[in-house]
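Asks:
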Amino acid sequence: MSMQRSLILGTGAYLPARTLTNNDLAAMVDTSDEWIRERTGIEERHIAADGEFTSDLATAAAREAIENAGLTVGDIDLIVVATTTPDQTFPATATTVQHKLGMKQGAAFDVQAVCSGFLFALATADSMLRQNLFTTALVIGAETFTRILDWSDRSTCVLFGDGAGAVVLQTGTGEADEGVIAHHVRTDGSKKDLLYVDGGVSSTGTIGHVRMQGNQVFRHAITNISSAVRAVLADTGHDINDIDWFVPHQANQRILDGVARKLGLDEDKVISTVALHGNTSAASIPLALHTAIKDGRIKKGDLVLSEAMGGGFSWGASLFRL
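Quick note on the working numbering: the sequence shown kicks off at 38 and runs consecutively.
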């Protein structure tokens with residue numbers, strides 16, 4: 038039976054020009070290319086240039102997504118930006134993107150759920166479209182995450198990079214198994230000290246740096262992500278074998294492999310961009326999605342499963358059909 042759906046019309050992405058290789062990092066901190074590859078699968082990451090802001094990355098990804106959707110800025114009436122690294126404390130980075138796009142209509146705001154942010158933003162925009170509050174949304178994940186790194190801490194500085202990815206959603210009529218199908222998002226604040234930034238407006242008046250207990254995060258990530266995926270599949274009546282492509286948050290290749298094994302998912306269905314992008318936090322899912330669409334792996338009609346876990350802890354999964 039046909040019903041109102043949030044349909045995915047186009048994607049876009051942007052990566053800063055500068056890359057930082059593992060060998061570059063080895064000249065800065067006590068590490069090596071072999072050490073980083075073995076523990077994370079990362080080979081290089083992109084670093085935003087001086088004067089290049091999160092809104093700049095987000096705007097570039099948004100423009101490409103709008104073009105690929107066959108639309109214009111005048112068609113967009115909602116922007117939701119997922120970011121942990123906003124241009125300013127306020128206004129929302131989304132409003133800066135709105136201005137840079139030349140968009141005069143609609144509304145724009147940010148969502149902050151760290152690495153899970155894109156899925157939280159996607160669920161938020163999908164809900165608002167289904168309620169007929171808006172008709173066409175830009176959902177963007179964008180980060181200049183390297184600006185909150187302690188470059189002397191090899192346990193964190195080797196993991197992250199900068200980038201942005203965007204998706205255009207539009208209300209339309211489709212079957213229950215078309216467009217954005219289902220979400221499952223959760224948080225557990227009791228685990229916040231395992232992955233956090235040691236600064237903030239209210240607490241210290243400083244930006245702070247990322248701090249992480251990696252082994253604990255790894256253990257919780259595989260458990261929480263797997264439970265979210267199973268919840269989405271149960272809610273929709275799908276089986277893991279129905280999935281054409283798995284587009285996970287690109288945190289660490291070991292986590293990607295661990296989740297795939299726990300779910301019994303064919304590794305050939307897993308989209309991995311972590312080697313060349315590192316962990317771009319809220320940007321990683323839309324970046325990976327766009328990469329796989331652009332290179333022809335993900336095609337129209339494919340059933341795609343995404344998942345993420347980040348600080349908070351926050352985690353979730355989303356199921357959609359292109």
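Even glycine gets a Cβ: it sits at the ideal position worked out from N, Cα and C.
Pick helix, strand or coil for H286, following the three-state DSSP scheme.
Replies: Taking the sequence shown and counting its residues from 1, one reaches residue 286 at position 249. The answer is coil: DSSP assigns H286 none of H, G, I, E or B.
Asks: Tell me whether T161 sits in a helix, a strand or coil according to DSSP, three-state version.
Replies: Taking the first residue of the sequence shown as 1, we reach residue 161 at position 124. T161: helix per DSSP, three-state reduction.
Asks: Within 8 Å, do at least three Cβ pairs link the region 190-206 to the region 65-83?
Replies: yes
Asks: Can you grab the Cα-Cα spacing for the pair R82 / D187, in whole Å?
Replies: Residue numbering aside, residue 82 sits at position 45 when the sequence shown is read from its first letter. Residue numbering aside, residue 187 sits at position 150 when the sequence shown is read from its first letter. Spanning the two alpha carbons is a distance of roughly 16 Å.
Asks: Around the C-beta of R256, are 16 or more other C-beta atoms found within 10 angstroms, so that it is buried, or is it exposed?
Replies: Residue numbering aside, residue 256 sits at position 219 when the sequence shown is read from its first letter. R256 sits exposed, since fewer than 16 C-beta atoms from the chains shown fall within 10 Å of its C-beta.
Asks: Alpha carbon to alpha carbon, what distance is there between E180 and T224?
Replies: Position 187 of the sequence shown holds residue 224. Position 143 of the sequence shown holds residue 180. If you take the alpha carbons of T224 and E180, they lie about 21 Å apart.
Asks: I think T120 touches T133, with their Cβ atoms under 8 Å apart; what is that distance to the nearest whole Å?
Replies: If you number the sequence shown from 1, residue 120 lands on position 83. If you number the sequence shown from 1, residue 133 lands on position 96. With a Cβ gap of about 11 Å, T120 and T133 do not count as contacting.
Asks: So the candidates are G49, I84, V222, K141; which of them puts its Cα closest to the Cα of R100?
Replies: The count along the sequence shown starts at 1 and reaches residue 100 at position 63. Among G49, I84, V222, K141, the Cα nearest to that of R100 is on G49.
Asks: What are the boundary residues of the beta strand (DSSP E) that includes R223?
Replies: Residue numbering aside, residue 223 sits at position 186 when the sequence shown is read from its first letter. 216-224 is the extent of the beta strand (DSSP E) around R223.
Asks: According to the Cβ coordinates, are T77 and N289 closer than 8 Å?
Replies: Position 40 of the sequence shown, counted from the start, is the residue given in the question as residue 77. Position 252 of the sequence shown, counted from the start, is the residue given in the question as residue 289. Yes, the pair counts as a contact, with Cβ atoms nearer than the cut-off.
Asks: Drop a sphere of 10 angstroms on the beta-carbon of G216, count the other beta-carbons inside from all chains shown, and report buried for 16 or more, exposed for fewer.
Replies: Taking the sequence shown and counting its residues from 1, the one referred to as residue 216 is at position 179. By the 10 Å Cβ count, G216 comes out buried.
Asks: Below 8 Å on the Cβ atoms is my guess for W352 versus S153; work out the distance and round it to an integer in Å.
Replies: For the purposes of this step, residue 352 is taken as residue 315 along the sequence shown, with counting starting at 1. For the purposes of this step, residue 153 is taken as residue 116 along the sequence shown, with counting starting at 1. Right, their Cβ atoms sit about 6 Å apart.
Asks: What ranges does the beta strand (DSSP E) occupy inside the region 121-184, keeping only unbroken runs of at least 3 residues that lie completely in it?
Replies: 144-148, 173-180
Asks: Let me confirm a value: I244 is counted as buried when at least 16 other C-beta atoms fall within 10 Å, else exposed. Which label applies?
Replies: As a working mapping, residue 244 is identified with position 207 in the sequence shown. Per the 10 Å Cβ criterion, exposed.
Asks: Please state whether DSSP places V322 in a helix, a strand or coil.
Replies: On the sequence shown, position 285 is the one that residue 322 refers to. Here the sequence assigns Ile to residue 322, which means Val is not the residue at that position. In the structure shown, I322 sits in a helix (DSSP, three-state: H, G or I).
Asks: Taking the beta strand (DSSP E) that R55 falls in, what are its first and last residues?
Replies: Position 18 of the sequence shown holds residue 55. Run containing R55: 55-58, per the beta strand (DSSP E) assignment.
Asks: Flag L313 as yes when its Cβ comes closer than 7 Å to any non-hydrogen atom of the ligand GTP, and as no otherwise.
Replies: This structure simply doesn't include the ligand GTP, nor any ligand for that matter.
Asks: Within its chain, find whatever has a CB closer than 7 Å to the CB of I218; leave out the 5 residues flanking it on each side and keep chain order.
Replies: By 1-based counting over the sequence shown, the position of residue 218 is 181. Excluding residues within five positions, the ones whose Cβ falls inside 7 Å are T273, L356, F357, R358.
Asks: Excluding sequence positions up to five away, which residues of its chain have a Cβ less than 6 Å from the Cβ of L94?
Replies: Against the sequence shown, residue 94 aligns to sequence position 57. Result list for L94: Y51, A179, A201, in chain order.
Asks: Please name the residue or residues paired with A102 in a DSSP beta bridge.
Replies: As a working mapping, residue 102 is identified with position 65 in the sequence shown. DSSP output for A102 lists no bridge partner at all.
Asks: Can you name, in chain order, every residue of its own chain whose Cβ lies under 6 Å from the Cβ of S321, other than the five neighbours on each side?
Replies: Here residue 321 refers to the residue found at position 284 when the sequence shown is read from its first residue. Excluding positions up to five away in sequence, the list reads H286, Q287.
Asks: Three Cβ pairs or more, each shorter than 8 Å: is that satisfied between the region 165-177 and the region 222-242?
Replies: no
Asks: Give a yes or no on whether the C-beta atoms belonging to A150 and V117 are separated by under 8 Å.
Replies: Mapped onto the sequence shown, residue 150 falls at position 113. Mapped onto the sequence shown, residue 117 falls at position 80. It is not a contact, given that the beta carbons lie outside the stated cut-off.
Asks: Give me the Cα-Cα distance between L324 and S39, rounded to the nearest whole angstrom.
Replies: Numbered from its first residue, the sequence shown carries residue 324 at position 287. Numbered from its first residue, the sequence shown carries residue 39 at position 2. Computed Cα separation, rounded: 30 Å.
Asks: For S239, name the three-state secondary structure that DSSP assigns.
Replies: The sequence position of residue 239 within the sequence shown is 202, counting from 1. In the structure shown, the three-state DSSP call for S239 is coil.
Asks: Who are the near neighbours of G143 in its chain, counting only those whose CB is closer than 6 Å to its CB and skipping five residues on each side?
Replies: Start at 1 with the first residue of the sequence shown, and residue 143 comes out as number 106. Cβ neighbours of G143 beyond the five flanking positions: D114, L115.
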